[in-house]
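Let me begin by presenting the structure, written as structure tokens, before commenting on it.
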Amino acid sequence: MDYRAFLIKYAEIGTKGKNRYVFEDILCKQIRVHLASLGEFQIRKEYGRIFVEAESDFDYEDTIKELKKVFGIIGICPIVIEERTDFDTMKQRAIDYMRECYGEKALTFKVDARRGDKSYPMKSMEINSEIGHYLLEAFSEYKVDVHQPDVLLHIEIRDQLYLYSQTIKGAGGLPVGTNGKAMLLLSGGIDSPVAGYMISKRGVELEAVYFNAPPYTSERAKQKVVDLARIVSGFSGKIRLHVVNFTDIQLAIYEKCPHEELTIIMRRYMMKIAEELAKKNKCQALITGESIGQVASQTMHSLACTNEVCTLPVFRPCIGMDKQEIIDISEEIDTYETSIQPYEDCCTIFVAKHPVTKPILEIIKRSEEKLNDVIDDLMKKALDTVEVVEARFEDWER
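Per the working numbering: the sequence shown = residues 1 to 398.
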């Protein structure tokens with residue numbers, strides 16, 4: 001079948017009441033953005049439906065691949081659009097559709113007709129019965145199964161006639177841009193790209209911050225994070241990645257603070273800098289890839305200590321997942337192979353041999369007082385020298 005159009009199904013958007021049109025409009029905008037490089041498409045809304053119709057040559061597989069990345073879509077239905085004519089012509093269209101899609105092979109089917117135009121003289125159940133009867137006459141190997149059919153033939157009667165029988169699973173969630181903006185703390189590991197993907201799935205636009213530590217980390221470690229941002233941007237849209245030179249702050253912490261507290265104190269200053277960047281860029285929250293108990297800095301005590309420096313909310317989409325669950329998502333979104341490349345980030349370079357797992361906030365604060373003579377200048381320098389990289393999926397070298 002040579003499909004030229006797609007019916008887009010959504011779920012959560014349908015619960016938004018009087019605001020639904022806002023979500024629909026943003027979803028249409030996101031579809032346009034994702035398909036912009038693939039050809040010319042008309043995206044239109046019609047009575048609770050969104051249709052994507054090709055107006056130029058296009059690649060079917062690439063189009064499906066891009067539509068599957070658009071948050072807010074739960075189903076993509078390749079659809080045949082015909083002129084609406086008399087019922088005899090409609091039943092012939094149904095026969096032609098089934099023959100081209102499924103041939104003469106044995107299968108079970110069910111017809112599901114809907115009248116977008118309630119003035120149509122036949123009711124939906126009558127259409128189901130009549131079309132089903134003609135399909136049984138046309139195909140001797142076909143049988144009706146109203147409970148679990150091999151093929152569910154949808155027929156929608158509106159200003160035109162729509163036929164489809166396949167629903168390709170979409171990404172779900174809400175369209176990016178419907179729920180504000182957040183700053184993602186993006187490392188070169190497995191967890192933080194997954195966290196970014198998951199929060200973006202809830203309609204949140206992303207910016208990201210990466211803490212670089214040259215010369216202790218290589219340029220390739222930085223490129224790895226840029227690549228991860230580009231992959232995630234395939235779902236979230238363009239990500240502005242803020243690269244912070246964190247070396248001097250880490251060295252000061254290493255020289256002046258107890259080594260068992262290095263990770264906690266380092267994380268606290270990362271959160272402070274991330275929050276400054278978030279506020280400057282009109283973000284409403286911070287996002288991290290932390291999961292309870294995964295490492296020493298992610299115990300309940302440690303998370304409470306790092307949270308204490310923030311005034312913005314900190315969201316942790318992976319918080320209740322085990323490592324395998326996170327890995328499964330990273331493989332699904334294609335970040336895993338990049339994440340496991342052997343280029344260390346600043347967190348692994350300056351890790352303590354025996355990190356504290358139950359830090360006490362008052363003790364951590366007293367240790368931080370040893371930085372009072374240098375930390376303000378170091379923080380200012382780090383913020384003043386931030387490098388911004390615009391990460392786009394189309395720039396990712398696979």
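For every residue, glycine included, the Cβ atom is placed at its ideal position computed from N, Cα and C.
- Message: At the level of alpha carbons, what is the spacing between I474 and L186?
- Response: Nothing in the structure corresponds to residue 474, since the chain is present only between 1 and 398.
- Item | Cβ-based neighbour list, R84, same chain, cut-off 6 Å, excluding 5 preceding and 5 following | Q160 and L161
- Task: Taking the CB atoms as reference points, tell me whether N179 and G196 lie closer together than 9 Å.
- Result: no
- Item | For P193, the first and last residue of its enclosing alpha helix (DSSP H) | It spans D191 to S200 - the alpha helix (DSSP H) in which P193 sits, taken as one unbroken run.
- Query: Rounded to a whole number of angstroms, what is the C-alpha to C-alpha distance between L378 and L174?
  - Reply: 40 Å
- Only counting runs of 4 or more residues, tell me where the alpha helix (DSSP H) segments fall wholly within the region 287-354, in order along the chain. 300-307, 323-332, 336-339 and 346-349
- Item | Start and end residues, beta strand (DSSP E) containing R115 | Where R115 is concerned, the enclosing beta strand (DSSP E) stretches over L107 to R115.
- Under a three-way DSSP split, which group does R20 fall into? helix
- Task: Note down the Cα distance separating L184 from L38, rounded to an integer number of angstroms.
- Result: 29 Å
- Query: Is there a Cβ from chain D that is less than 9 Å from the Cβ of K143?
  - Reply: Here chain D cannot be found, since the structure has a single protein chain.
- Item | Nearest-angstrom Cβ-Cβ length linking A182 and A285, presumed shorter than 8 Å | With a Cβ gap of about 4 Å, A182 and A285 count as contacting.
- Task: Would you check if there are 3 or more beta carbon pairs closer than 8 Å linking the region 262-281 to the region 324-340?
- Result: no
- Query: Which runs of the alpha helix (DSSP H) spanning at least 4 residues fall entirely within the region 24-72, listed in chain order?
  - Reply: You should have 60-67.
- Query: Cβ atoms of G177 and M42: under 9 Å apart, would you say?
  - Reply: Strictly speaking, residue 42 in this sequence is Gln, with Met absent from that position. No, they are not a contact pair.
- Message: Can you tell me whether M125 is buried or exposed? The criterion is at least 16 other CB atoms within 10 Å of its CB, across all chains shown.
- Response: exposed
- Message: Pop quiz: T263 and P355 are said to be a contact at Cβ under 8 Å. What is the actual Cβ separation, rounded to whole angstroms?
- Response: 5 Å
- Query: Mapping DSSP to helix, strand and coil, what is G234?
  - Reply: helix
- How is K9 classed by DSSP in three states: helix, strand or coil? strand
- Taking contact to mean at least 3 C-beta pairs separated by less than 8 Å, is the region 64-74 in contact with the region 2-22? yes
- Message: Assuming contact is defined by CB atoms lying nearer than 9 Å, are Y97 and M1 in contact in what I supplied?
- Response: yes
- Task: Would you mind reading off the limits of the beta strand (DSSP E) that contains F211?
- Result: E205 to N212
- Just mark P121 as buried or exposed, buried being the case when its beta carbon has 16 or more other beta carbons within 10 Å. Within 10 angstroms of the beta-carbon of P121 lie fewer than 16 other beta-carbons, which makes it exposed.
- Supposed contact pair S165 and C101 - C-beta distance, whole angstroms, cut 8 Å: 7 Å
- Query: Taking Cβ to Cβ, would you say E308 is nearer than 9 Å to Q298?
  - Reply: Not closer than 9 Å, so no.
- Query: Cα separation between R99 and K123?
  - Reply: 25 Å
- Query: Residues in its own chain within less than 6 Å of P342 by CB, not counting five upstream and five downstream?
  - Reply: none
- Query: Just how far apart, CA to CA, sit K358 and R366?
  - Reply: When rounded, the distance between both Cα atoms is 16 Å.
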